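In the working numbering, the protein residues as written are 8 to 256. Glycine included, each C-beta is placed from N, C-alpha and C at the ideal position. Treat the numbers as computed from the prediction; the structure is a model and nothing was measured. Note sheet for the following structure.
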Amino acid sequence: MNQKTKYAAYLLFGVAFIVFVAHLQVLLINIMEARNFITAREMIVDGNWLLTTINGEPRYQKPPLPTWLTAFSALIFGLKNIAALRLPAAIMGLFTVMISYALALNYTRNKSYALWSGLILSTSFYMVFAGRNGQWDIFTHAFMMGGIYCLYQLFEQPKSRWSCALLTGLFFGASFMSKGPVSLYALFLPLVLGKAIVTGLRGVRSNIGPLLLLLIVGLISALWWHGYINLVDPENLKAITQKETSNWT
Numbered sequence: 008m009n010q011k012t013k014y015a016a017y018l019l020f021g022v023a024f025i026v027f028v029a030h031l032q033v034l035l036i037n038i039m040e041a042r043n044f045i046t047a048r049e050m051i052v053d054g055n056w057l058l059t060t061i062n063g064e065p066r067y068q069k070p071p072l073p074t075w076l077t078a079f080s081a082l083i084f085g086l087k088n089i090a091a092l093r094l095p096a097a098i099m100g101l102f103t104v105m106i107s108y109a110l111a112l113n114y115t116r117n118k119s120y121a122l123w124s125g126l127i128l129s130t131s132f133y134m135v136f137a138g139r140n141g142q143w144d145i146f147t148h149a150f151m152m153g154g155i156y157c158l159y160q161l162f163e164q165p166k167s168r169w170s171c172a173l174l175t176g177l178f179f180g181a182s183f184m185s186k187g188p189v190s191l192y193a194l195f196l197p198l199v200l201g202k203a204i205v206t207g208l209r210g211v212r213s214n215i216g217p218l219l220l221l222l223i224v225g226l227i228s229a230l231w232w233h234g235y236i237n238l239v240d241p242e243n244l245k246a247i248t249q250k251e252t253s254n255w256t
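Given below as C-alpha cells:
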C-alpha cells in the first residue's frame, strides 16, 4: 500500500468514524432497538444467552449474534449507556465502509473510485441510519461484505485460498446468525448472478475443495443455534415460527 492509498484509507476511516460514532446517544431509542436492548439486558441479568427472551418470554424470531455483541458492550460500559448499546452497530457500519473500500480498491485498482465509493457509502441515508441504530440490519450486511471480500480473495490469491475459504464461511455464518438469510438475498445472490452474466464464474472448478470447506463451515456456523433451540425448546420455537409465518402470509 503506497502513501496515497494510506492517506485515502485514513481519510475514509476518519469520515466514517465521525458519521457512525459521534453523538451516538442523541437519538431516541426506537421500538426495534428497544427489543434488542431488552434481550441484551436479560442475557446479562438472567443469563439467557442461548434461550433468548424479551420480558421473560422466549424470543427466537431473530438470531442472537447482534444481541450478544450489544450485551458484551453493555457489560463493559454499562446497561444505561445508550451510546455503548449502539456502539457494536456503529463499529459494524465502520467495518462495512472499510471492507467495501478494500474490495473496490482490489477489484478496480482505482484509488479514486475506491475512495469516492467509500465516502458515498458512509454518507448514504440507509447506512447512516443502520449504523447508528442498535438493531440487526447493519450486522448481517457487514458480515456478508466481509464474506464477499474473502471470497474474492479466495479466487485472486491461490496461496491463501484455504484460509480465505474458512474466513468466508465464518463471515457467511455470522451474517446468517445476525438476521437469517436476508443479506444472502440482498447482497450475495445479486453479486453472483451479475458476475455470472457479465464475466462468467471462472475458477470454480479449480477451487472445489476450498468451496466445499466454505460451505461446511458456513452451514455449521449459521445453523448451530437454530439446531440447539430446536432440541431444547421445540414447542416455543414451533409456536413462534407459526406466528411469524402467519405475519408474512
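Tell me which residue opens and which closes the alpha helix (DSSP H) that residue i is part of.
| i | result |
| --- | --- |
| residue 172 | 168-186 |
| residue 118 | 118-129 |
| residue 138 | 132-138 |
| residue 95 | 89-115 |
| residue 160 | 144-163 |
Buried or exposed: where does residue i fall if 16 or more other Cβ atoms within 10 Å of its Cβ makes it buried?
| i | result |
| --- | --- |
| residue 209 | exposed |
| residue 64 | exposed |
| residue 49 | buried |
| residue 219 | exposed |
| residue 82 | exposed |
| residue 46 | buried |
| residue 95 | buried |
| residue 166 | exposed |
| residue 106 | buried |
| residue 111 | buried |
| residue 192 | exposed |
| residue 221 | buried |
| residue 253 | exposed |
| residue 34 | exposed |
| residue 41 | exposed |
| residue 186 | buried |
| residue 248 | exposed |
If we ignore side chains and look at the alpha-carbon of each, how far apart do residue i and residue j end up?
| i | j | result |
| --- | --- | --- |
| residue 201 | residue 158 | 15 Å |
| residue 98 | residue 28 | 8 Å |
| residue 88 | residue 237 | 34 Å |
| residue 59 | residue 119 | 45 Å |
| residue 182 | residue 148 | 7 Å |
| residue 142 | residue 124 | 25 Å |
| residue 180 | residue 189 | 12 Å |
| residue 177 | residue 239 | 24 Å |
| residue 14 | residue 20 | 10 Å |
| residue 116 | residue 232 | 40 Å |
| residue 79 | residue 85 | 10 Å |
| residue 211 | residue 145 | 29 Å |
| residue 213 | residue 162 | 9 Å |
| residue 90 | residue 39 | 16 Å |
| residue 244 | residue 223 | 25 Å |
| residue 259 | residue 18 | What the structure shows of the chain is the stretch from 8 to 256, and residue 259 is not part of that stretch, so it cannot be assessed. |
| residue 171 | residue 160 | 7 Å |
| residue 206 | residue 153 | 22 Å |
| residue 131 | residue 225 | 30 Å |
| residue 164 | residue 175 | 14 Å |
| residue 109 | residue 242 | 45 Å |
| residue 197 | residue 16 | 27 Å |
| residue 69 | residue 215 | 32 Å |
| residue 173 | residue 55 | 29 Å |
| residue 150 | residue 62 | 29 Å |
| residue 127 | residue 133 | 11 Å |
Contact check, residue i vs residue j under 8 Å by CB: the rounded distance?
| i | j | result |
| --- | --- | --- |
| residue 184 | residue 137 | At roughly 17 Å, the Cβ-Cβ gap does not stay under 8 Å, so residue 184 and residue 137 are not in contact. |
| residue 264 | residue 23 | Outside the displayed range of the chain (8 to 256) lies residue 264, so it cannot be described from this structure. |
| residue 93 | residue 140 | 7 Å |
| residue 155 | residue 122 | Actually they are not in contact, since the Cβ atoms of residue 155 and residue 122 sit about 19 Å apart, beyond 8 Å. |
| residue 264 | residue 43 | Only positions 8 to 256 of the chain appear in the structure, and residue 264 is not among them; the question remains open. |
| residue 129 | residue 26 | 5 Å |
| residue 57 | residue 235 | 6 Å |
Can you check the region 28-84 for any alpha helix (DSSP H) of at least 4 residues that lies completely inside it and give the ranges in chain order? 38-53, 72-84
Runs of alpha helix (DSSP H) lying entirely within the region 182-228, each at least 4 residues, in chain order: 196-205
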